[in-house]
Structure formats: C-alpha cells, structure tokens
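Asker: Under the working numbering, the very last position in the sequence shown is 407; numbers go up by exactly one each time.
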Amino acid sequence: MAAGGVVHLLAPGLLGPVPAQLQELVSRRGAYPATEWLLARAGRCGAAPAFLSPWPAAFPGAGAVGVLGAGGEPGEFPWCCADPVHLRPDRDRVMVFAGAHVMLSEAEATQVRDAFNAQFVADGLELRCFGGHLFLRLPSPPSALAGAGAGVATREVAGRHLGDYSGIEAADQEWRRLLNETQMLLHGLALNARREESGMLPINGLWFWGAGTLPAVAGDGMPPLALSDDPVVSGQVRLRGGSVDAPVARYRDLPADQDMIAVWGDADRALCGGDVEGWLAALQAFEADWAVPASEAVARGHRRAVCVYPGGDRGFRLDGHARLRFWRRGGAIRRWLQ
C-alpha cells in the first residue's frame, strides 16, 4: 500500500500555556505514552506551516480572510474578526474568557448584530454574521481599528488578564473606545439575563482583531484540503483555491490519499474558556484519538508524515525516521508543556 498524504494537524492549546500548578496535575490525572513518544521521536519543525504563518497569531487582513472562510464575500472592504468574549473583573484587572462557554446561538448572534449596528451606524461600522461567526466591516481606510489591540488574536488573550499584553494598554484610543462602548452595550442585552439563568456566561464584549483587506495570494505549497471550523484557516485555504470540509474528531476519520490541514480545537476551546477539566479531558482524547493511531499509521507506512503544531514556538514532524531516533526517550508529558 502506498503511503498516504501528509497531515498538518493544527492543535493549538495542546501543550498549553498552562500555569505551573496545572502542569504538576497533568501526570497524576492520566497516562499519555503515545503523545510522549510522538513528541520525543518526531523531528522539529517551525511553529506553523510556512503556508499558514504567522498562525496562530493575528495578521493584517485576518478579518477579511475569516469572512471568506466563513462563507462570506469580503470584497474590497477592510474587516475585523469580532469574537464574543466574557470580561470578568479580577481585583484591579480584567480577565478575558472565550471559547466554548461564550459561543452564540444563531438567534443570539442576530441580536448582538442588530444591537451593535443600531448603536454604531453613525461610525460607518457594520457587524455581519457568516457561518455563525461575527465580523466587523470597517470604513476604508480602517484607521480607527489599526491600533495595537487589533493585532492580538482572541486565543492570545483569552484565559488571561487583559493587562498582560502591553500593546493593548497602549492601543489606539478609538479601538479602546469601541471595546468599552461595546461592553456597555452588550451588558444590557436581554439575551445575557437568559444565559445567566441557564448557567451560561454572559457575553459582555467583542474582541476585534485582524483588521485589513484580503492579502495578496502567494503560491506557497498550501494543501488542497482543510478540515476546519476555524474561519481564518479555512479562508487561507479558499484564498488559494483549496476546498474546506468539516473537522473530524479522530485521526481514523481523515481521508488517506492526500495532503491536508486538519484543525483539532478541543484544547484551544477549553483554554480560552479557562476550563481546566475540559483541557485535561482534551489531552486524554488527543492521546486516544490522535497520538495512538497517527503513530501507528506512520510506523506501518500508511502515512508519509503527521506534523503537529500545538501553537507554541515549535512544531513536531512524525515520519518514518521516528523509529530510528531510539535514543530519544519520551519522559513525562509535563516536560513539553508551556
């Protein structure tokens, strides 16, 4: 049997960042021999595939790319991603929560869109919803949202204190004004009372990032297929003529005969929401559903390579050379955590 294509597995949050106390807890809560073997035996590669760099960080035009990935038509307008967040006071600072716990239903997204557009129509701003994701169409040029804050992706600040990012504190005043006024607007929406009654986090903010128009297309080896629910990743593939399908939960559900990008977002969603138990469960799921079968497939020659990108400062390429690196011992998974 000929070896199948290369899988570029985007798994942000797989290895953190998590606090030291949680790193100590990981090994006591489960065993991860296949993940440890994969990380130890894999060759090292860049933090992101060259065709997706600077993923998972923000970049100018990420908003317009996200619109394309979510099924919209960005045209020549500048756009921002507008991700729902929960902002929680923590003494003299503010914590940002995103991810699974602040996802909006279609009806809730419509209410947020309508309230926002009624408030900011005079500013030339329009909130739009594509494929369940919110995006902000900006006037051209997008000077009001070109500050430092718009250059920080939601996953970079979620689960952390807002003030931990010095660029945000010094961000453009118009960006900060929009952030603050949106928080006040959303605080009074009826949907938040219903969410709290149901035990859900209220949506009291939108995080705007990735301002700009569609970037130029470059021929850079992008795989022809992405299995993704991340609109920015999907948009980068569509921008280069590739196709996008729904993500899969397990390695064994991947197509076998072509190069592809696969997005696995369980750990990312948990970390963005500050969900410790959810992140530990995601780590255990990765062991059973991805690390074990991927390692077996590469070892048996059924897959040329699986490249894992956990969103830190390096990636891991598992290929046929892994079995030759016998001197690399896995060790406890905590040694790999950030």
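Glycine included, each C-beta is placed from N, C-alpha and C at the ideal position.
Out of Gly228, Ala116 and Pro147, which has the shortest C-alpha to C-alpha gap to Gly130?
Answerer: Against the sequence shown, residue 130 aligns to sequence position 61. Among Gly228, Ala116 and Pro147, the Cα nearest to that of Gly130 belongs to Pro147.
Asker: Which same chain residues, not among the five before or five after Ala366, have their C-beta less than 8 Å away from its C-beta?
Answerer: For the purposes of this step, residue 366 is taken as residue 297 along the sequence shown, with counting starting at 1. Only Gly73, Tyr320, Arg372 and Val375 meet the Cβ criterion.
Asker: What are the boundary residues of the alpha helix (DSSP H) that includes Trp244?
Answerer: Within the sequence shown, residue 244 is the residue found at index 175, counting from 1. Its alpha helix (DSSP H) spans residues Gln242 to His256.
Asker: What span of residues does the alpha helix (DSSP H) with Val95 cover, start to end?
Answerer: Locating residue 95 in the sequence shown gives position 26, counting from the first residue. Taken as a continuous stretch (DSSP letters only), the alpha helix (DSSP H) holding Val95 covers Ala89 to Arg98.
Asker: On the three-state DSSP scale, how would you describe Trp276?
Answerer: Counting from 1 along the sequence shown, the entry for residue 276 is found at position 207. Strand at Trp276.
Asker: Along the chain, where does the alpha helix (DSSP H) containing Arg110 start, and where does it finish?
Answerer: Numbered from 1 along the sequence shown, position 41 holds the residue referred to as residue 110. Run containing Arg110: Pro102 to Arg110, per the alpha helix (DSSP H) assignment.
Asker: Taking only three categories from DSSP, how would you classify His170?
Answerer: Locating residue 170 in the sequence shown gives position 101, where the first residue counts as 1. In this structure, His170 counts as helix in the three-state DSSP scheme.
Asker: Would you mind working out which of Pro300, Ala133, Met164 and Ala318 sits nearest Leu207, comparing C-alpha positions?
Answerer: For the purposes of this step, residue 207 is taken as the residue at position 138 of the sequence shown. The residue with the shortest Cα to Cα distance from Leu207 is Ala133.
Asker: Are three or more beta carbon pairs between the stretch 322 to 338 and the stretch 77 to 88 nearer than 8 Å?
Answerer: Flag = yes, the stretch 322 to 338 and the stretch 77 to 88 touch.
Asker: Please name the residue or residues paired with Cys341 in a DSSP beta bridge.
Answerer: In the sequence shown, the residue the question calls residue 341 occupies position 272. In DSSP, Cys341 forms no bridge with anything.
Asker: Can you tell me whether DSSP reads Trp333 as helix, strand or coil?
Answerer: Counting from 1 along the sequence shown, the entry for residue 333 is found at position 264. Coil, per DSSP.
Asker: Just verifying my parser: in three-state terms, what is the DSSP assignment at Glu175?
Answerer: As a working mapping, residue 175 is identified with position 106 in the sequence shown. Correct three-state label for Glu175: helix.
Asker: Is Thr179 closer than 7 Å to Glu356 when the C-beta atoms are compared?
Answerer: Translated into the one-based positions of the sequence shown, residue 356 becomes position 287. Translated into the one-based positions of the sequence shown, residue 179 becomes position 110. No; because the gap between Cβ atoms is not below 7 Å, this pair is not in contact.
Asker: Going by the CB atoms, is the gap between Leu107 and Leu387 shorter than 7 Å?
Answerer: On the sequence shown, residue 387 is found 318 positions in, with the first residue counted as 1. On the sequence shown, residue 107 is found 38 positions in, with the first residue counted as 1. Yes, Cβ-Cβ distance for Leu387 and Leu107 is below 7 Å.
Asker: Judging by CA-CA distance, which residue of Ala318, Pro284 and Gly343 is the nearest neighbour of Leu46?
Answerer: Past the edges of the chain, shown from 70 to 407, lies residue 46, and the structure says nothing about it.
Asker: In angstroms with no decimal places, state the Cα-to-Cα distance between Cys198 and Arg98.
Answerer: Start at 1 with the first residue of the sequence shown, and residue 198 comes out as number 129. Start at 1 with the first residue of the sequence shown, and residue 98 comes out as number 29. Whole-angstrom Cα-Cα distance: 40 Å.
Asker: So with Cβ pairs under 7 Å, would you call His256 a contact of chain D?
Answerer: No chain D appears in this structure, which consists of one protein chain only.
Asker: Using a Cβ-Cβ cutoff of less than 6 Å, which residues in the same chain neighbour Asp314 once the five nearest sequence positions on both sides are dropped?
Answerer: Translated into the one-based positions of the sequence shown, residue 314 becomes position 245. Hits under 6 Å: Leu296.
Asker: Please classify Pro36: is it buried, with 16 or more other beta-carbons within 10 angstroms of its beta-carbon, or exposed?
Answerer: Because residue 36 is not part of the residues shown, which for the chain are 70 to 407, the question remains open.
Asker: Assign Trp124 to one of three DSSP states: helix, strand, or coil.
Answerer: If you number the sequence shown from 1, residue 124 lands on position 55. If DSSP states are grouped into helix, strand and coil, Trp124 belongs with coil.
Asker: Does DSSP put Leu393 in a helix, a strand or coil?
Answerer: In the sequence shown, residue 393 corresponds to position 324, counting from 1. Per-residue confidence for Leu393 stands at a pLDDT of 48, beneath the threshold of 50, marking its modelled position as unreliable; no derived number is given.
Asker: On the DSSP letters alone, give me the boundaries of the alpha helix (DSSP H) that Pro362 sits inside.
Answerer: Your numbering for residue 362 matches position 293 in the sequence shown. Per DSSP, Pro362 belongs to the alpha helix (DSSP H) from Val361 to Ala368.
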